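**Q** Just so you know, the sequences run in chain order A and B. If you're matching positions, the first sequence starts at 348 in the working numbering and goes up one per residue. If you're matching positions, the second sequence starts at 80 in the working numbering and goes up one per residue. Just passing along the structure, written as structure tokens.
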Amino acid sequence: MDIVLFLIFAAIAVVCALNLVIQRHPISSALSLIGVMAALAAIYLQLGGEFIAAAQLVVYAGAIMVLFVFVIMLLNEGKERKAKRLLWVTIAGLPLLFVFVVMIHFMIVHILPPSESVQFGAFTDGTAGAIGTKLFTAYLLPFEVTSVLILIAIVGAIVLARKEVD
Amino acid sequence: MPQFQIIAGVPLTWYLTLSAVLFALGVAGFLFRRNIITVFMSIELMLNAVNLTFIAFSYKLKQNDGHIFSFFVMVVAAAEAAVGLAIILTVFKNRQTLEIDEVSSLRD
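Shown next, in the form of structure tokens:
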């Protein structure tokens with residue numbers, strides 16, 4: 348059952364990611380990216396990450412992607428043009444990426460013990476309570492620093508995107 | 080040859096391989112696409128792939144530190160999206176294009 352669920356959501360994630368790369372219109376890419384994020388949230392849930400699955404849906408699929416869709420709508424750019432590119436770059440690039448994936452898979456399989464398997468419900472430390480306790484005790488300083496980071500990002504975004512006042 | 084046996088759960092390596100596949104697709108999008116927004120979305124895809132690795136290793140080590148790290152990655156991604164999209168808006172306002180080939184004055 349675990350394997351079936353994993354395969355379903357992994358297939359959704361990979362197909363949506365392929366669609367992101369292949370589609371020529373940015374809005375189709377954005378919707379495929381939302382599909383990838385939703386499938387990944389289900390996979391996080393399988394790995395016991397309840398809080399992260401919820402945060403993935405709320406922060407990524409909810410907030411960040413809405414920002415993307417907003418900007419795409421605002422700029423209203425159509426399909427992108429066919430890029431003029433050397434032929435051998437396209438021919439060589441995709442096999443090289445495939446080789447990259449195969450090499451990483453090879454290393455992963457050889458480093459990790461093969462008996463390691465994931466069962467739903469075997470890891471229960473990913474609840475909001477457990478994460479919150481650790482976040483506000485052991486990781487308190489990094490957590491506070493991220494609030495400064497967010498503040499800087501807000502100020503930067505406002506400065507960059509506002510209308511110039513003459 | 081390894082014998083086929085009924086395993087109760089999903090092998091951990093499958094999660095890591097899925098993460099590698101998603102990361103490679105993100106790299107492909109980053110390198111092959113010309114639209115600056117799609118390039119940006121490919122970066123988000125790569126961040127997501129890394130998050131999956133964090134969660135998978137967090138399961139393996141039975142510690143939730145990886146969850147906290149992927150939470151921080153999400154925060155950084157949110158900040159990056161806000162600033163990056165503001166930069167894209169400014170570029171579009173000044174140049175009326177989103178093609179990254181036409182926004183190359185730093186290179187010339």
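The beta-carbon is built from N, C-alpha and C at its ideal position, and this holds for glycine as well. Note that the structure is a prediction, hence the values are computed from the model and not measured.
1. Under 9 Å between C-beta atoms, does B/Val-22 make it to chain A?
2. Tell me which residue opens and which closes the alpha helix (DSSP H) that A/Lys-481 is part of.
3. Output, in sequence order along the chain, the residues in the segment 138-153 of chain B whose CB is closer than 8 Å to any CB in chain A.
4. Helix, strand or coil, according to DSSP, for B/Val-182 in the structure here?
5. Residues in its own chain within less than 7 Å of B/Leu-95 by CB, not counting five upstream and five downstream?
6. Kindly indicate which three-state DSSP category B/Asn-127 falls into: helix, strand or coil?
7. Anything in chain B within Cβ reach of A/Ala-360, meaning under 8 Å, just list it in chain order.
8. Rank A/Ile-355, A/Ser-376, A/Glu-397, A/Val-449 by C-alpha distance to the C-alpha of A/Phe-470 and give the top, closest one.
9. With 16 as the cutoff for other CB atoms within 10 Å, does B/Ser-89 come out buried or exposed?
10. Short of 7 Å in beta carbon distance, which residues of its chain neighbour B/Gly-163, apart from the five on each side in sequence? Order them along the chain.
11. List, in chain order, every chain A residue whose beta-carbon is nearer than 7 Å to that of B/Ile-134.
12. If we cut at 9 Å on Cβ distances, does A/Gly-503 have a partner in chain B?
13. Short of 7 Å Cβ to Cβ, which residues in the segment 478-496 of chain A face chain D?
14. I need the straight-line Cα distance from B/Ile-124 to A/Lys-510, nearest angstrom please.
15. In the DSSP assignment, what residue or residues form a beta bridge with A/Ser-464?
16. Could you check the C-alpha separation between A/Val-406 and A/Ala-386 for me, to the nearest Å?
17. Go through its chain and collect everything with a Cβ distance to B/Trp-93's Cβ below 8 Å, but skip five positions before and after it.
18. Within this structure, are the beta carbons of B/Asn-185 and B/Ile-115 separated by less than 9 Å?
19. Can you name the start and end residues of the alpha helix (DSSP H) that A/Tyr-391 belongs to?
20. In angstroms, rounded to a whole number, what distance separates the CA positions of B/Val-154 and B/Arg-112?
21. With distances taken between CB atoms, is the gap from A/Leu-498 to A/Phe-490 smaller than 9 Å?
22. Enumerate in chain order the residues of its own chain whose CB-to-CB distance from A/Ile-390 is below 8 Å, with the five nearest sequence positions on each side excluded.
23. For B/Met-80 and A/Phe-447, I'd like the C-alpha separation in whole angstroms.
24. For the segment 111-124 of chain B, which residues have a CB atom closer than 8 Å to at least one CB atom of chain A, in sequence order?
25. Quick one: what's B/Asn-114 bridged to in DSSP?
26. A/Gln-393 and A/Val-492 - do their beta-carbons sit closer together than 9 Å?
**A** So, to answer that:
1. Since the first and last residues shown for chain B are 80 and 187, residue 22 of chain B lies out of range.
2. First-last of the alpha helix (DSSP H) with A/Lys-481: 475-482.
3. Those would be Tyr-138, Lys-139, Lys-141, Gln-142, Asn-143, Asp-144, His-146, Ile-147, Ser-149, Phe-150, Phe-151, Met-153, in chain order.
4. B/Val-182: coil per DSSP, three-state reduction.
5. Listed in chain order, the non-local C-beta contacts of B/Leu-95 below 7 Å within the same chain comprise Thr-132, Ala-135, local neighbours out to five positions each way being set aside.
6. Helix, per DSSP.
7. Ordered by position in chain B, the residues that pass the 8 Å Cβ test against A/Ala-360 are Leu-97, Leu-101.
8. The residue from A/Ile-355, A/Ser-376, A/Glu-397, A/Val-449 with its alpha-carbon nearest to that of A/Phe-470 is A/Glu-397.
9. According to the sequence displayed, residue 89 of chain B carries Val and not Ser. By the 10 Å Cβ count, B/Val-89 comes out buried.
10. Once the five neighbours on either side are set aside, the close Cβ partners of B/Gly-163 are Phe-119.
11. Neighbours of B/Ile-134 on chain A, chain order: Tyr-391, Leu-394, Gly-396, Ile-399.
12. Chain B contact via Cβ: present.
13. Among the chains of the structure shown, chain D does not appear; the protein chains present are A and B.
14. The sequence as given places Leu at residue 124 of chain B; Ile does not occur at that position. Spanning the two alpha carbons is a distance of roughly 31 Å.
15. DSSP, once it has assigned bridges, lists B/Pro-90 as partnering A/Ser-464.
16. Near 15 Å, if we compare the C-alpha coordinates of A/Ala-386 and A/Val-406.
17. Excluding positions up to five away in sequence, the list is empty.
18. Here the sequence assigns Leu to residue 185 of chain B, which means Asn is not the residue at that position. No, the Cβ-Cβ distance between B/Leu-185 and B/Ile-115 is not below 9 Å.
19. 373-393 is the span of the alpha helix (DSSP H), which, as asked, contains A/Tyr-391.
20. Distance between the alpha carbons of B/Val-154 and B/Arg-112 is about 26 Å.
21. In this structure, A/Leu-498 keeps its C-beta atom at 9 Å or more from the C-beta atom of A/Phe-490.
22. Correct list, in chain order: Phe-353, Phe-356, Ala-357, Ala-360.
23. Any reading at B/Met-80 is ruled out, since the residue's pLDDT is 46, under 50, leaving its predicted position unreliable.
24. Of all residues in the segment 111-124 of chain B, Phe-111, Arg-112, Arg-113, Asn-114, Ile-116, Thr-117, Phe-119, Met-120, Ser-121, Glu-123, Leu-124 have a Cβ within less than 8 Å of some Cβ in chain A.
25. Beta-bridge partners assigned by DSSP to B/Asn-114: B/Glu-178.
26. The answer is no: Cβ separation not under 9 Å.
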